[in-house]
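Only one structure is covered here, and it is reproduced in the block below.
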Amino acid sequence: MSVMPLLVICSILVAGGFLLAFLFATRRGQYDDLGTPAVRMLFDDVEPK
Amino acid sequence: MNQQNTHTIDHHLHCAHCGDVCADASITLSDHVFCCTGCASVYELLQEHNLCGYYQDGVQTGVSQQQSHRDRQAYAILDDPTVAARFVEFADQRRIRMRFALPTMHCASCVWLLERLPHIQSGLISAEVDLQRKTIVVDVVPGALRVRDVAELLRSFGYEPLIHVEGNELSREQQRKEATRGLYLRLGVAGFAMGNIMMFSIAQYLAHRNGTTTIDPTLVAVFTWLSIGLSIPVYVYSASPWLRSAWAALRQGTVNLDIPVALGITTLFVRSIADIATGASEGFLDSFAGLVFFLLIGRVFQQKAFDAVTFDRTVRSFFPLSVRRDTPLGEEVVAIDALRVGDTIAIRNGEVIPADAVLLSPVGYIDYAFVTGESVPVECSRGAMVYAGGKVVGTALQLTATRPVSQGYLASLWERSSARTSRDGYRALSDRFGRLFIWAVITIAAVGFVLWLPDIPVALSVFTAVVIIACPCALTLAAPITLGTAMGILGRRKIYAKNIDVLAALDDIGAVVFDKTGTLTSSQPNVVFHGDELTHDEYAAVVSVASHSTHPISRGLASGVSCAKDVGDVTEVAGRGITGIAHGHRVHIGSMHFLAEYGIADPKEMHRHATMVAVDGQIVGEVTPRAEFREGVGELLSALRQQGQRCELLTGDSDRDRDLVSALFEQDAMTFRASPSDKVDHLEQLRRRTRVLMIGDGLNDMSAMAVADVSIAVTDNTSTLAPASDMIIPATHIRHIADLLRYAHSLRNVIHVALWFTMLYNVVVIAIALTGRLTPVITAIMMPLSSLLVIGISVGGAHLFARRVA
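Below you can see the structure in the form of structure tokens.
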């Protein structure tokens, strides 16, 4: 059972990584508009001439 | 006739850009026909940049360029740095970020086109669209493009940016976004902490059997300390909206709805830490984190529901946003707020005078249709006072402002009238009720705690459950959400209410008072020609010449002909008359004074105030506006009578049209030749008996409208707001006023249902909570649920009954 504290701490660190990713994404505004990206991905990219 | 119509439609040419019908095939470009050069140039631009995929991808075609052919000067105001700054969100050395509201954006092709603007226009770094909010954020290379350039670029593609937004409209949008982000961040932290604390707790719960534990004590210590570590950010950060709000209220010596919640959260947290410290128990940190998490989720849902309700309520300003000011260096365009007493301003044809002023031009014509309801322009000469709200007709005028804008005539009327409606609100009532409610809940919770006292964990759970679950929010939500939704629904049907209190006040109306001119009758009159028999050619000549004028009487005379082509030598003296040659006849239309200037004399020296018509130098007759009821007036009155409303006519006009009107009103319900003060007296008398709704045409009945309990302005053009009224309704919708009254009554019922539901819910739920069967997490789930149900009742009810209006 002595491995448990280590595992627990590891799991918290992994989960904490996801939490940081979420906080980062939110701060960058990725959750600001949930509607338009669904439309935007339908178009092909056009290279400017 | 019908057949001919269908025949022609089949052969109409449709614009390749916007799909509108083209008048002729004169504008073509690589085998495509366009309705206007604007559409053609957009097409050309797209083709040039290899972006014609726009026309294939699009569900709908482009936005017509014809409608947006506005005076380019409209954007000159954006050269004013203070105005331009409203659109700039952020700026550094590499980019300037601007945000515009584009109301015409509507579909996937709009997203496609707008986000490819950087391919077309150099100086643009990126463009990003929010389709739901109809906004675009553009990054611009500093120095390459000004705000005005971007606005004009957007307009040239048919997306006219809204520049008449309230100054802080866009920054409010920014604040809203910040608030939502903050909520998500708090939710993320709370969810993370909750998940992990629950895992530790489950291990401890499972290990507990028959009072002994099978778990390693050091592991328990690790779990406990980790739980504490995880719960601190939850208390300090995630729960801060409630804690801060409650603290602020306490410091001001008042109570608010967040206090019970803050109390519940704090009780759980502090008690848990104390228990752990003393070794009394493992605490309830899992409950605590779960509580905060679900409270936050509830808040997200509430905010989403509320956003959906309150969104789309852009109020366009009544005054022109900018004004041209004369300076020693020439003309400059300044924001209206920047106008000072003594400034010289220039107001052009059709523009509204923003402030009381003195006329500098030798002579001017001002249409006080907003103010007096009379659309016949008033003549003023140099030195005369002109008043805010007047619309300049004909030649541009030079004015000196004599009173600052905010103190102008219209502004003061607007302020006064809004003070009236906010007084009799339901808000004060619900505030007082909410305060009582909070004390009651805290008392009940305390009593529950004492009753369970020997068993501290249960007592504590009961206390928190009662405090959290008792939901007074519904009390504060029901009325604003129901009425706000209704306001939005009506707004989409072009019926605008000033605020939600107006809709509440519209219930319980006992008498409806109508003004005549511009309300029951059209403000763009049908005209009657009295005089000699005219030959066909002469008649055609009169109509053709009249069609070149913008004056209401001429417009009536021309009846639909917009601008006849075969007219020569046209001279119009704004507001006085017009002359021209058509079909071989010289035609004069205008006042006697105007005709006299051309050497045409009235032999009988009469009709001094009528509009005269002369053909080839001979007076042939006069034109008078004919009173005619708007469509739907009869229907409206009979519908109102069915509802038991007393209908009255109150007009300043002479009783010339008495016969016409008595078909609609009873003899004792008609008052003619009422001066403004007579109107006020009459309404005040009426108000002693019942609640009065005044229906007028905008500003002329201002004083009367201010006296009435609710006032509705009937307008031919909703883009010009009538500040004195509580509601604005387009003339075409006049028949729906009766439905509107019924709707207001239904809305009150909806609010009552929501309130009764809340009361019932609270009684039941508090009773259950007192039995100690509700854990804090369940209460946290149920609490937002009840608010959402109330929102559902309110929004659903408002939509359900709205089907009968308009």
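So the protein lines, in turn, are chains A and B.
For what it's worth, our numbering labels the leading residue of the first sequence as 1, then goes sequentially.
For what it's worth, our numbering labels the leading residue of the second sequence as 1001, then goes sequentially.
By construction, the Cβ of each residue, glycine as well, lies at the ideal position given by its N, Cα and C atoms.
If you're wondering where the values come from, they're calculated on a predicted model, not measured in any experiment.
Measuring CB to CB, does residue i end up less than 8 angstroms from residue j?
i	j	result
Gly1621 (chain B)	Arg1586 (chain B)	no
Thr1611 (chain B)	Gly1590 (chain B)	yes
Phe1757 (chain B)	Val1790 (chain B)	yes
Ala1641 (chain B)	Ala1511 (chain B)	Note that residue 1641 (chain B) corresponds to Arg in the displayed sequence, not to Ala. Not in contact: Arg1641 (chain B) and Ala1511 (chain B) (Cβ atoms no closer than 8 angstroms).
Arg1095 (chain B)	Pro1142 (chain B)	yes
Val1292 (chain B)	Val1236 (chain B)	no
Ala1084 (chain B)	Leu1078 (chain B)	yes
Ile1125 (chain B)	Val1140 (chain B)	yes
Val1467 (chain B)	Leu1263 (chain B)	yes
Asp1726 (chain B)	Val1502 (chain B)	yes
Asp1709 (chain B)	Arg1687 (chain B)	yes
Ala1541 (chain B)	Val1623 (chain B)	no
Within the present structure, is the beta-carbon of residue i separated from the nearest heavy atom of the ligand FAD by less than 7 angstroms?
i	result
Ser1786 (chain B)	The ligand FAD is absent from the structure shown, which contains no ligand whatsoever.
When you compare the CB of residue i with every CB in chain A, is at least one pair closer than 8 angstroms?
i	result
Phe1090 (chain B)	no
His1069 (chain B)	Bear in mind that a pLDDT of 42 at His1069 (chain B), under 50, signals an unreliable position, so the model cannot answer this.
Ala1179 (chain B)	no
Asp1057 (chain B)	Low local confidence applies: a pLDDT of 47 at Asp1057 (chain B) is under 50, so the model's placement there is unreliable, with the coordinate-based value given in what follows. So yes, Asp1057 (chain B) belongs to the interface.
Tyr1159 (chain B)	no
Asp1326 (chain B)	no
Ala1108 (chain B)	yes
Trp1112 (chain B)	yes
Tyr1184 (chain B)	yes
Gln1175 (chain B)	no
Glu1282 (chain B)	no
Val1129 (chain B)	yes
Gln1132 (chain B)	yes
Phe1192 (chain B)	yes
Leu1219 (chain B)	yes
Glu1115 (chain B)	yes
Thr1214 (chain B)	no
Val1292 (chain B)	no
Gly1123 (chain B)	no
Glu1154 (chain B)	Sequence check: residue 1154 (chain B) is Leu here, not Glu. No, because no Cβ of chain A sits closer than 8 angstroms to the Cβ of Leu1154 (chain B).
Val1222 (chain B)	yes
Leu1637 (chain B)	no
Phe1797 (chain B)	Sequence inspection shows Gly at residue 1797 (chain B); the Phe mentioned does not correspond to that position. It does not; no Cβ of chain A falls within 8 angstroms.
Can you find a C-beta in chain B that's less than 8 angstroms from the C-beta of residue i?
i	result
Met41 (chain A)	no
Val14 (chain A)	no
Gly35 (chain A)	yes
Phe24 (chain A)	no
Leu7 (chain A)	no
Leu19 (chain A)	yes
Using the DSSP secondary-structure output, state which residues sit across from residue i in a beta bridge.
i	result
Lys1679 (chain B)	According to DSSP, Lys1679 (chain B) bridges with nothing at all.
Ser1381 (chain B)	B:Val1363
Phe1529 (chain B)	B:Val1623
Glu1648 (chain B)	B:Val1513
Gly1696 (chain B)	B:Ala1713
Glu1128 (chain B)	B:Val1137
Gly1590 (chain B)	B:Gly1577, B:Met1612
Tyr1496 (chain B)	B:Ile1728
Val1393 (chain B)	B:Tyr1365
Gln1175 (chain B)	Paired residues: none, contrary to the question.
Under three-state DSSP, which class holds residue i?
i	result
Gln1642 (chain B)	helix
Asp1092 (chain B)	coil
Phe1100 (chain B)	strand
Ser1412 (chain B)	Note on Ser1412 (chain B): pLDDT 39, under 50, position unreliable in the model; the coordinate value appears next. In this structure, Ser1412 (chain B) counts as helix in the three-state DSSP scheme.
Ala1470 (chain B)	coil
Tyr1235 (chain B)	helix
Gln1685 (chain B)	helix
Met1198 (chain B)	helix
Would you call residue i buried or exposed, if buried means 16 or more other Cβ atoms sit within 10 Å of its Cβ?
i	result
Ile9 (chain A)	exposed
Phe1449 (chain B)	buried
Ser1711 (chain B)	buried
Ser1109 (chain B)	buried
Leu13 (chain A)	exposed
Val1059 (chain B)	Summary for Val1059 (chain B): the model assigns pLDDT 39, below 50, so the residue's position carries little reliability; its value from the coordinates is reported in the next sentence. By the neighbour-count rule (16 or more Cβ atoms within 10 Å), Val1059 (chain B) is not buried but exposed.
Trp1242 (chain B)	buried
Met41 (chain A)	exposed
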